[in-house]
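Asks:
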Amino acid sequence: MDEKSYPISTINTFMEENLFFKDAKLKKYFMRNEKRDLGKFRNRLHSNFKSKTFEKQIYVLITDNIRDIILDTIGEISETMKTMGDLIISGGEAFNMYVDYKDRIITSDIDAKFVPRLQLNTKYFGRLQAVKLLLWNKLGQIAKKLNARIHKRLSSVSNNKIFKYLGLGFNKKGPFVTRRYILIKKKKGSTTNKPSTRDVFIDVELFALDLNVRCFSPEKGKIEDFIVGGILDIPFMRPKEFGYDVAKTKRRGIQYRNPVTNKIVKNKNVFVASKEFLIEDIYLMQKLRLRPEKKEKDRKRLVRLGRLIDKRVKNSDTMDTVFKLVRSKLAKVKTSRKQSGTVSIKRAMSVNPDKYSNYTTEPSKERLSKQIIHGMRVTPQNNKINGYEKTYGNKQFNLKNYKWKPATNNAYVKNEFTHRPINAQKIPTNLNTSETLYGFKPRRDGWVPKPLLERASKIPYIGLKR
Numbered sequence: 060m061d062e063k064s065y066p067i068s069t070i071n072t073f074m075e076e077n078l079f080f081k082d083a084k085l086k087k088y089f090m091r092n093e094k095r096d097l098g099k100f101r102n103r104l105h106s107n108f109k110s111k112t113f114e115k116q117i118y119v120l121i122t123d124n125i126r127d128i129i130l131d132t133i134g135e136i137s138e139t140m141k142t143m144g145d146l147i148i149s150g151g152e153a154f155n156m157y158v159d160y161k162d163r164i165i166t167s168d169i170d171a172k173f174v175p176r177l178q179l180n181t182k183y184f185g186r187l188q189a190v191k192l193l194l195w196n197k198l199g200q201i202a203k204k205l206n207a208r209i210h211k212r213l214s215s216v217s218n219n220k221i222f223k224y225l226g227l228g229f230n231k232k233g234p235f236v237t238r239r240y241i242l243i244k245k246k247k248g249s250t251t252n253k254p255s256t257r258d259v260f261i262d263v264e265l266f267a268l269d270l271n272v273r274c275f276s277p278e279k280g281k282i283e284d285f286i287v288g289g290i291l292d293i294p295f296m297r298p299k300e301f302g303y304d305v306a307k308t309k310r311r312g313i314q315y316r317n318p319v320t321n322k323i324v325k326n327k328n329v330f331v332a333s334k335e336f337l338i339e340d341i342y343l344m345q346k347l348r349l350r351p352e353k354k355e356k357d358r359k360r361l362v363r364l365g366r367l368i369d370k371r372v373k374n375s376d377t378m379d380t381v382f383k384l385v386r387s388k389l390a391k392v393k394t395s396r397k398q399s400g401t402v403s404i405k406r407a408m409s410v411n412p413d414k415y416s417n418y419t420t421e422p423s424k425e426r427l428s429k430q431i432i433h434g435m436r437v438t439p440q441n442n443k444i445n446g447y448e449k450t451y452g453n454k455q456f457n458l459k460n461y462k463w464k465p466a467t468n469n470a471y472v473k474n475e476f477t478h479r480p481i482n483a484q485k486i487p488t489n490l491n492t493s494e495t496l497y498g499f500k501p502r503r504d505g506w507v508p509k510p511l512l513e514r515a516s517k518i519p520y521i522g523l524k525r
């Protein structure tokens, strides 16, 4: 792991939990690293730790070794999409860009939120489909281009001890980098209008780049294929909903290191979430009880960020105390954001969504059935249907009073099915994808050219093997 990215003490703690699983013998074999120790290491894993996985360790190791490549990629996508919206690094990666080296946290992937800069009116849905098609095509280009670059980078370090013990490598033939689209559905856990643990406030249309590798499986006792899902995640934010404010205080331009040349790269095309946004985001997540299991971790992160705003913040302060100290200073940096984005419908209609299908992660048939293809429209919407669950498409989370409210704006893009199946159903062989396009509302979206709707509706199915 990269000692220039994280303190050695942080790395050791992470490896203790995710490589050695707090087992003294596994650690001994790895540290001693004699000829016989690799076999002993793997045999002990298969005998004593079948339920464990190297997933976290592999994600972090991959991200450490290709971080500069992913940041280059974010800058390239940002430049392509700049008239349509903003691509903004957030989460742990953004946190580490602000805090001292000793306070950095280990990040397993890079999350860059895409915030459309389109007016929220009855044309929003159609223009959004054009944006999605253009991004989908760009991700196909990038996946193909990165195939050789990432393979070369990781192959150059494959003799590294940790790579050897993980059995981390590639198949003889690719593709190694693939694009992906999924829909993460909105969830509302309580029967009241108040938020509850594990609520998901918005339907998230997520675009991503995945990496296809091979690694040792403790369960199987052998090296097998493994998909590193989301070396770059691009969730689409929604106007006036949770996470959309990241664009109001974004910062432009970052610096990062190329680990091969050790040179510093300055990239003005990359945007990063402001520390003010990160503070509000962390505090709000806990206030709404969305991450109760991470309360102490979030408190420590809030303290570290809060100290950058107000030196009075102490290590022992509660989250409420930190937020009270810095709150007045956060309000001063917010600016209004003009919804002046434009997208070329004509250019989007020239996109062939099937292009780069070889560089596309095969979609899950179960997810397609449960979230895209099958569903019911029931009146009244609160009716319970055996074998189905509610979508809550008609609900919207109000960021002013932090309560759920009815979604009444005709421009609001939502799940038009009131219920989706709990268990996956068989996908029809003669499926008309146009009838399954998420958010499509015939009366509102009749102006959208049919070729655009047809192309956009195919995105979730590209790569599907019948």
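Be aware that the sequence shown starts at 60, since it is given in our numbering, and climbs by one per residue.
All residues carry an ideal CB built from backbone N, CA and C; glycine is no exception.
Because the structure is a prediction, the values reported are computed rather than measured.
1. Assuming the contact rule is C-beta atoms closer than 8 angstroms, L270 and I169 should be a hit. Round their C-beta distance to whole Å, please.
2. Buried or exposed, going by whether 16 or more other CB atoms sit within 10 Å of the CB of Y65?
3. Going by beta carbon distance, what residues of the same chain come within less than 8 angstroms of R273, once the five residues before and after it are set aside?
4. Indicate whether S428 and K485 have their beta-carbon atoms separated by less than 9 angstroms.
5. Going along the chain, which residues of its own chain have a beta-carbon closer than 6 angstroms to the beta-carbon of A267, five neighbours each way excluded?
6. Please report the distance separating the alpha-carbon of R514 from that of W195.
7. What is the DSSP secondary structure of P439, reduced to helix, strand or coil?
8. Could you tell me the distance, in whole angstroms, from the CA atom of N328 to the CA atom of K141?
9. Near T377, what residues of its chain come up, given a Cβ to Cβ distance below 6 angstroms and the 5 sequence neighbours on each side ignored?
10. Which whole runs of the beta strand (DSSP E) in the segment 78-159 are 3 residues long or more, in chain order?
11. Around the Cβ of N218, are there at least 16 other Cβ atoms within 10 angstroms (buried) or fewer (exposed)?
12. Are the CB atoms of I128 and R257 within a distance shorter than 9 angstroms?
13. Run through DSSP, which three-state label would N321 get?
14. Given the structure, does E278 come close to the ligand SAM, in the sense that its CB is under 8 angstroms from one of the ligand's heavy atoms?
15. Can you list, in chain order, the stretches of the beta strand (DSSP E) that have 3 or more residues and sit fully within the segment 273-322?
16. Using a threshold of 9 angstroms, state whether the C-beta atoms of G522 and T420 are closer than that.
17. Tell me which same chain residues have a C-beta within less than 6 angstroms of the C-beta of I368, skipping the five on either side of it?
18. Taking the straight line between their C-alpha atoms, what separation do you get for N124 and I148?
19. At the level of alpha carbons, what is the spacing between K449 and K346?
20. Which stretch, first to last residue, makes up the alpha helix (DSSP H) that contains D340?
21. Just the C-alpha distance for T112 and M435, rounded to the nearest angstrom, thanks.
22. Return helix, strand or coil for D168, following the three-state DSSP convention.
23. Would you mind stating whether K245 and G452 have Cβ atoms separated by less than 9 angstroms?
24. Taking the CB atoms as reference points, tell me whether L364 and V158 lie closer together than 9 angstroms.
25. Would you call I313 buried or exposed, if buried means 16 or more other Cβ atoms sit within 10 Å of its Cβ?
26. Go to W463, then tell me how far its beta strand (DSSP E) extends in each direction, as first and last residue.
27. Quick one: grab the DSSP three-state call for E513.
28. If you compare alpha carbons, which of F275, A483, R163 and R103 is closest to K223?
29. Is it buried or exposed, T467, if we count other Cβ atoms within 10 angstroms and call 16 or more buried?
30. Fully enclosed by the segment 354-397, which alpha helix (DSSP H) runs are 4 residues long or longer?
31. Based on the DSSP secondary-structure assignment, which residues constitute the bridge partners of E264?
Replies: Let me lay it out:
1. Residue numbering aside, residue 270 sits at position 211 when the sequence shown is read from its first letter. Residue numbering aside, residue 169 sits at position 110 when the sequence shown is read from its first letter. The Cβ separation is near 12 angstroms, so there is no contact.
2. Translated into the one-based positions of the sequence shown, residue 65 becomes position 6. Buried: at least 16 other Cβ atoms inside 10 Å.
3. For the purposes of this step, residue 273 is taken as residue 214 along the sequence shown, with counting starting at 1. Correct list, in chain order: G226, L227, G228, F229, N230, I282, E283, D284 and F285.
4. Here residue 428 corresponds to residue number 369 of the sequence shown, with the count starting at 1. Here residue 485 corresponds to residue number 426 of the sequence shown, with the count starting at 1. In contact: S428 and K485 (Cβ atoms closer than 9 angstroms).
5. Position 208 of the sequence shown, counted from the start, is the residue given in the question as residue 267. Here the set comprises R239, G289 and D292.
6. Indexing the sequence shown from 1 puts residue 514 at position 455. Indexing the sequence shown from 1 puts residue 195 at position 136. Cα to Cα, the separation comes out at about 11 angstroms.
7. Within the sequence shown, the letter at position 380 stands for residue 439. Here P439 sits in coil by DSSP.
8. As a first step, residue 328 is located in the sequence shown; it is residue number 269 there, counting from the start. As a first step, residue 141 is located in the sequence shown; it is residue number 82 there, counting from the start. Taking the straight line joining both Cα atoms gives about 9 angstroms.
9. Position 318 of the sequence shown, counted from the start, is the residue given in the question as residue 377. Once the five neighbours on either side are set aside, T377 has no close Cβ partner at all.
10. 144-149
11. Against the sequence shown, residue 218 aligns to sequence position 159. N218 comes out exposed.
12. Here residue 257 refers to the residue found at position 198 of the sequence shown. Here residue 128 refers to the residue found at position 69 of the sequence shown. No, Cβ-Cβ distance for R257 and I128 is not below 9 angstroms.
13. As a first step, residue 321 must be located in the sequence shown, where it is residue number 262. Reduced to three states, the DSSP call for N321 is coil.
14. As for the ligand SAM, it is missing from this structure, which has no ligand bound.
15. 281-294 and 310-316
16. Position 463 of the sequence shown, counted from the start, is the residue given in the question as residue 522. Position 361 of the sequence shown, counted from the start, is the residue given in the question as residue 420. Contact: yes.
17. On the sequence shown, residue 368 is found 309 positions in, with the first residue counted as 1. Excluding sequence neighbours, I368 sits near V385 and K388.
18. Along the sequence shown, read from residue 1 onward, the residue named residue 124 stands at position 65. Along the sequence shown, read from residue 1 onward, the residue named residue 148 stands at position 89. Each residue's alpha carbon lies about 18 angstroms from the other.
19. What you label residue 449 is simply residue 390 of the sequence shown in a count that begins at 1. What you label residue 346 is simply residue 287 of the sequence shown in a count that begins at 1. Distance between the alpha carbons of K449 and K346: 26 angstroms.
20. By one-based count along the sequence shown, residue 340 stands at place 281. D340 -> alpha helix (DSSP H) spans K334 to K346.
21. On the sequence shown, residue 112 is found 53 positions in, with the first residue counted as 1. On the sequence shown, residue 435 is found 376 positions in, with the first residue counted as 1. Distance between the alpha carbons of T112 and M435: 38 angstroms.
22. On the sequence shown, position 109 is the one that residue 168 refers to. It is coil, neither helix nor strand.
23. For the purposes of this step, residue 245 is identified with residue 186 of the sequence shown, where counting begins at 1. For the purposes of this step, residue 452 is identified with residue 393 of the sequence shown, where counting begins at 1. For K245 and G452, yes; Cβs fall inside 9 angstroms.
24. The count along the sequence shown starts at 1 and reaches residue 364 at position 305. The count along the sequence shown starts at 1 and reaches residue 158 at position 99. In this structure, V158 lies closer than 9 angstroms to L364 by Cβ.
25. The residue labelled residue 313 in the question sits at position 254 within the sequence shown. It is buried - the Cβ of I313 has at least 16 other Cβ atoms within 10 Å.
26. As a working note, residue 463 is residue 404 in the sequence shown. K462 to P465 is the extent of the beta strand (DSSP E) around W463.
27. Translated into the one-based positions of the sequence shown, residue 513 becomes position 454. Helix, per DSSP.
28. Locating residue 223 in the sequence shown gives position 164, counting from the first residue. When each option's Cα is compared against that of K223, the closest is F275.
29. In the sequence shown, residue 467 corresponds to position 408, counting from 1. Under this definition T467 is an exposed residue.
30. 354-368 and 378-390
31. Here residue 264 refers to the residue found at position 205 of the sequence shown. E264 pairs with L242.
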